[in-house]
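Participant: For the sequence shown, the residue numbers in the numbering used here are 15 to 122. One structure coming up, written as structure tokens, with questions to follow.
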Amino acid sequence: MATAQAQAGSASTMKAYEDKIKAQMNEAKAKLDQFEATAKDKKAQAEMTAVNNLKTAKQNIDQKLQDLKKTHDTHVARAKANIDADVATFKASIENLATKFKTQSAKK
15 MATAQAQAGS
25 ASTMKAYEDK
35 IKAQMNEAKA
45 KLDQFEATAK
55 DKKAQAEMTA
65 VNNLKTAKQN
75 IDQKLQDLKK
85 THDTHVARAK
95 ANIDADVATF
105 KASIENLATK
115 FKTQSAKK
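Here it is, written out as structure tokens:
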């Protein structure tokens, strides 16, 4: 019975973590979509390349989040740490792109 409770607790903890990451990724994706639209309008190839690279990074994070469900309990903490690091890098890259777009807009 204790094992069933532990599994249920673990499942709810995993669901909460997954929801947190998905919310962060959805917020970042919304910004990325805005940058993509702006880059397309300006026909800015370098920015489109950056957007496409970030889309690939997002897909990788999404895949890691899916793989987390199949990860053995002994490896969950390490997998979460890797995902957290990837999400932080992804969000920082989006902020860098935002800064680049603002700087370019101010110059024109």
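Heads up, the beta-carbon is just placed ideally off N, CA and C, and yes, glycines get one too.
Is the beta carbon of V65 less than 7 angstroms from the beta carbon of A51?
Facilitator: no
Participant: Note down the Cα distance separating K34 from L68, rounded to an integer number of angstroms.
Facilitator: Each residue's alpha carbon lies about 19 angstroms from the other.
Participant: Determine contact between the stretch 76 to 89 and the stretch 108 to 116, defined as no fewer than three beta-carbon pairs at a distance below 8 angstroms.
Facilitator: no
Participant: Please report the straight-line C-alpha distance between S24 and R92, rounded to a whole angstrom.
Facilitator: 15 angstroms
Participant: In its own chain, which residues sit with a C-beta less than 6 angstroms from the C-beta of E61, not counting the 5 before and 5 after it?
Facilitator: A53
Participant: Is the CB-CB distance between A71 and F115 below 7 angstroms?
Facilitator: no
Participant: Hey, Q38 and V101: beta-carbon distance below 7 angstroms or not?
Facilitator: yes
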